[in-house]
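Residue numbers (the numbering used here): 104 to 543.
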């Protein structure tokens, strides 16, 4: 901005008129109307550039700062994560029977007890198979019993024949020794004895009695297995609840075949909803602070602003990929909902806030009130109008506040006045003035 020769003023006149403008004591109107505008514009420029400089005399102004005072309170460090709510037990009910569904006596939302019928299937074909299997089993048992009887009778005769052959051999041997019979007679008697011995050895003896060949007992075992399987299949024509719980899904209808489900979906899903769990994925960088038994607050849209209590009950021993192209690993962790009769339901997403650390009666300040320099944390205390750099240790850190622990020899307490946003521009021993405004 340039001035004409009439508009030029001396430095002394400029300072005098500027002081008058700032003090609001201008007594007379300037001869030139542009003169006042020029002085005001120059004053604004000077204030904008210097900030904390006095406009007259060139002296330094005392910086004005916002302050905070520490407070005593319980502070917590929390981890907040989201995950699905589910029942503690969840079982899919399926069937491999190609049988038509005749009846479904339950619906979604019904509470059931273990063993309660869920569906009734057409059992006509299965009954036929069970009857056939029963007949085969009975036949195998009867056949084996008959063979046992035959074996006992045959063995008794073989023993009798053996005794006869032995007596014949002994008599022939005596006659041969006396020269009464030729050697061929002795050999014939000896062969007869050996044949009788082999016949006796051909029988299976158990507990002193001859029994049928083992193959007949194997036939009984196979027939029994087939029969028991058929009976089990017959029992499976009534689908039953495997656990106490709630029917959360019914994926079939009367008239459909039990083994024909779209996308291999289960016929029913039963869950124990009396005890709900929240499964979360905790970052590998945080899992070290999570432990079984820690408390958690659970929130969800369905709770309309309310929270329910929970507890960490399990932490997986292995991690898994986080996904999304990230190299970070996450660890599956389960939280049990400990409150009863809540509005939570399985299948929704909820948020869990886990208390990782807690300190009672802690001296706390806003996070912004602590600065770090060369590896040491400081707060800047104002005492008698001057700044002191006070080293502190950091305790429990919350989202917006943190615990400060005064080092030995420090007198920080709830009455201390600290700079709300410390910085290196406020040097140790520097004079400052509080704005009277508390920082946040």
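A virtual CB, placed ideally from N, CA and C, is assigned to each residue, including glycine.
The structure presented is a predicted model; accordingly, all values stated were derived computationally and were not measured.
Ends of the beta strand (DSSP E) at residue 219? From DSSP, residue 219 is part of no beta strand (DSSP E); its letter is neither H nor E.
Grouping DSSP H, G and I as helix and E and B as strand, with all else coil, what is residue 256? helix
Grab the span of the beta strand (DSSP E) containing residue 412 for me, first residue to last. 410 to 418
Compute the Euclidean distance between the alpha carbons of residue 147 and residue 168, then round it to the nearest angstrom. Any reading at residue 147 needs caution, since the residue's pLDDT is 46, under 50, leaving its predicted position unreliable; the model's value is listed next. Approximately 22 Å, taken between the alpha carbons.
Less than 8 Å between C-beta atoms, sequence neighbours within five positions excluded: which residues of the same chain meet that for residue 475? 481
Going along the chain, which residues of its own chain have a beta-carbon closer than 6 Å to the beta-carbon of residue 548, five neighbours each way excluded? As shown, the chain starts at 104 and ends at 543. That puts residue 548 outside it, with no answer to give.
Hey, how far is the Cα of residue 518 from the Cα of residue 174? 9 Å
Can you grab the Cα-Cα spacing for the pair residue 127 / residue 164, in whole Å? Here the model assigns residue 127 a pLDDT of 48, short of 50, so the residue's position is not dependable, and the following value carries that caveat. Cα to Cα, the separation comes out at about 20 Å.
Using 8 Å for Cβ pairs, my map puts residue 458 next to residue 350. What's the rounded Cβ distance? About 36 Å separates the two Cβ atoms, so there is no contact after all.
Write down every uninterrupted run of the beta strand (DSSP E) in the region 297 to 351 whose length is 3 residues or greater and which is fully enclosed by it, in chain order. 307 to 309, 312 to 314 and 341 to 343
Since residue 362 and residue 200 should fall inside the 8 Å C-beta cutoff, what is the C-beta to C-beta distance between them, to a whole number of angstroms? 6 Å
Which word fits residue 328, buried or exposed, when buried means at least 16 other C-beta atoms lie within 10 angstroms of its C-beta? exposed
Going by DSSP in three states, residue 234 sits in which element: helix, strand or coil? helix
Across which residues does DSSP place residue 435 in a beta bridge pair? 384
Looking only at C-alpha atoms, which of 287, 249, 219 and 402 sits nearest to residue 184? 402
Endpoints, the beta strand (DSSP E) within which residue 481 is located: 479 to 486
For residue 536, is the classification buried or exposed, using 16 other Cβ atoms within 10 angstroms of its Cβ as the cut-off for buried? exposed
Per-residue burial, residue 249 [other beta carbons within 10 Å of its own, 16 or more giving buried]: exposed
Length-filtered (3 minimum) beta strand (DSSP E) runs lying within the region 172 to 213: 174 to 190, 193 to 196 and 204 to 206
Contact set for residue 534: own chain, Cβ-Cβ below 7 Å, skip 5 residues either direction: 165, 488 and 489
Which partner residues of residue 446 appear in the DSSP bridge assignment? In DSSP, residue 446 forms no bridge with anything.
Return the first residue and the last residue of the beta strand (DSSP E) that residue 59 is part of. The displayed coordinates of the chain run from 104 to 543. Any statement about residue 59 would go beyond what the structure contains.
Give a yes or no on whether the C-beta atoms belonging to residue 313 and residue 306 are separated by under 8 Å. yes
Close-in-space but distant-in-sequence residues of the same chain around residue 525 (CB under 6 Å, 5 per side omitted): 474 and 483
Quick check on this structure: which residue in 441, 372, 204 and 225 has the alpha carbon closest to the alpha carbon of residue 196? 372
Within its chain, find whatever has a CB closer than 6 Å to the CB of residue 326; leave out the 5 residues flanking it on each side and keep chain order. 239, 240 and 243
Tell me which same chain residues have a C-beta within less than 7 Å of the C-beta of residue 540, skipping the five on either side of it? 169
Using the rule of at least 16 other Cβ atoms within 10 Å of the residue's Cβ for burial, across every protein chain shown, is residue 229 buried or exposed? buried
Euclidean distance between Cα positions of residue 259 and residue 320: 21 Å
In three-state DSSP terms, what is residue 397? coil
Please say whether residue 505 and residue 467 have beta carbons closer to each other than 8 Å? yes
Provide the residue span of the beta strand (DSSP E) that contains residue 405, from first to last. Premise fails: residue 405 is in no beta strand (DSSP E) and is neither H nor E.
Here's the rule I'm using: 16 or more other beta-carbon atoms within 10 Å means buried, otherwise exposed. How should residue 157 be labelled? With a pLDDT of 38 at residue 157, under the threshold of 50, the predicted position of this residue should be treated as unreliable, and no value is reported.
Measure the C-alpha to C-alpha separation of residue 404 and residue 472 and round it to an integer number of angstroms. 35 Å
Short of 8 Å in beta carbon distance, which residues of its chain neighbour residue 151, apart from the five on each side in sequence? Order them along the chain. Note on residue 151: pLDDT 40, under 50, position unreliable in the model; the coordinate value appears next. The answer is none, since no qualifying residue turns up.
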